[in-house]
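Letter by letter, the sequence shown follows residues 20 to 224 of the numbering used here. Read through the structure below, which is laid out as structure tokens, and then see the notes.
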Amino acid sequence: MSRTVWVILAILAVAFAVITGLAVKRGLLGPQSQTAAIGGPFHLVDQTGAPRDADLLKKKWSAVFFGFTYCPEACPTTLLALGQTEKLLGPKADDFQTVFISVDPERDTPKVLANYLSNSAFPHRTLGLTGTSQQVADVAHAYHVFYQKAGTGPDYQINHSTITYLMSPSGDFVCVIPYGETPDAMAGQIRSAMKQGPHAQSCHA
20 MSRTVWVILA
30 ILAVAFAVIT
40 GLAVKRGLLG
50 PQSQTAAIGG
60 PFHLVDQTGA
70 PRDADLLKKK
80 WSAVFFGFTY
90 CPEACPTTLL
100 ALGQTEKLLG
110 PKADDFQTVF
120 ISVDPERDTP
130 KVLANYLSNS
140 AFPHRTLGLT
150 GTSQQVADVA
160 HAYHVFYQKA
170 GTGPDYQINH
180 STITYLMSPS
190 GDFVCVIPYG
200 ETPDAMAGQI
210 RSAMKQGPHA
220 QSCHA
């Protein structure tokens, strides 16, 4: 697939998520429709090898990002920004976590994820998730995430969506955080959602 086609697909994925978020904000989608639109059940393992499912999103505000450890730019950039965001949240960071879901199960074993996420500049409260190819495909489908292997050999890359999803402690989608957002802006959006409570439907006051 050409880079142009990939860019178009990525833009469409972002547009869908943004439109869904706006519909929720305006009351066009209730909590049940919202949950069906973005997110859903999954079965993966974390960086310790422990089984994990969608219950890990309960009781915490979660920034869910799909990427891979060999990612040259978007993934480390996003995790660095989330690391700063975590600090800006201050005491509220205790109620916040980053969930990094690998779209490269072939290389991203739990051990590889654990080593990658040990970067001190990344969020301290990060869960790294991986699984079989089918399990990853299922969770990516639930979140409307595009990803595709590019190239051959051990140094192949993965083209993928670069948005972050903010999920509430009830496990529901709240809003899309665009790639490239500053830590200050991220922290502001998360604080706004927190003020609305666990059933927040937007990142705006």
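C-beta atoms are modelled at their ideal positions from N, C-alpha and C, and glycine is treated no differently.
Closest residue to residue i among the options (Cα-Cα distance)
{"i": "P197", "options": "T183, D191 and G207", "result": "T183"}
{"i": "I120", "options": "P202, G190, R71 and Q176", "result": "R71"}
{"i": "D74", "options": "H62, A82 and I57", "result": "H62"}
{"i": "P60", "options": "L76, G68 and Q66", "result": "L76"}
{"i": "V118", "options": "H143, Y175 and D174", "result": "H143"}
{"i": "A56", "options": "D114, H160, Y175 and T97", "result": "H160"}
{"i": "F84", "options": "Q116, G216, P173 and Q153", "result": "Q116"}
{"i": "H163", "options": "P217, R210 and V195", "result": "V195"}
{"i": "N138", "options": "D157, Q154 and G102", "result": "G102"}
{"i": "M213", "options": "D113, C94 and P95", "result": "D113"}
Residue environment, residue i, which counts as buried when at least 16 other CB atoms sit within 10 Å
{"i": "Q220", "result": "buried"}
{"i": "T181", "result": "buried"}
{"i": "A169", "result": "exposed"}
{"i": "A206", "result": "buried"}
{"i": "E200", "result": "buried"}
{"i": "Q208", "result": "buried"}
{"i": "S81", "result": "buried"}
{"i": "H179", "result": "buried"}
{"i": "E105", "result": "buried"}
{"i": "A69", "result": "exposed"}
{"i": "G172", "result": "exposed"}
{"i": "G147", "result": "buried"}
CB-CB length for residue i against residue j, believed under 8 Å
{"i": "V64", "j": "G86", "result": "Actually they do not touch by this definition, with Cβ atoms about 17 Å apart."}
{"i": "P129", "j": "T151", "result": "13 Å between Cβ atoms; not a contact."}
{"i": "K78", "j": "P188", "result": "5 Å"}
{"i": "Q66", "j": "L107", "result": "That belief does not hold up - the Cβ atoms of Q66 and L107 are roughly 24 Å apart, past 8 Å."}
{"i": "G58", "j": "F192", "result": "5 Å"}
{"i": "L136", "j": "T149", "result": "11 Å between Cβ atoms; not a contact."}
{"i": "L185", "j": "A140", "result": "With 8 Å as the limit, L185 and A140 do not qualify as a contact, their Cβ atoms being about 21 Å apart."}
{"i": "D127", "j": "T97", "result": "Not quite, the Cβ-Cβ distance comes to about 16 Å (not below 8 Å), so this is no contact."}
For residue i, three-class secondary structure by DSSP
{"i": "P50", "result": "Caution applies to P50, whose pLDDT of 40 falls short of 50 and renders its modelled position unreliable; the value that the coordinates give is listed next. In the structure shown, P50 sits in a helix (DSSP, three-state: H, G or I)."}
{"i": "V155", "result": "helix"}
Whole alpha helix (DSSP H) runs in the segment 157 to 221 with 4 or more residues, listed along the chain? 202 to 215
What ranges does the beta strand (DSSP E) occupy inside the segment 59 to 139, keeping only unbroken runs of at least 3 residues that lie completely in it? 62 to 65, 70 to 72, 80 to 86 and 115 to 121
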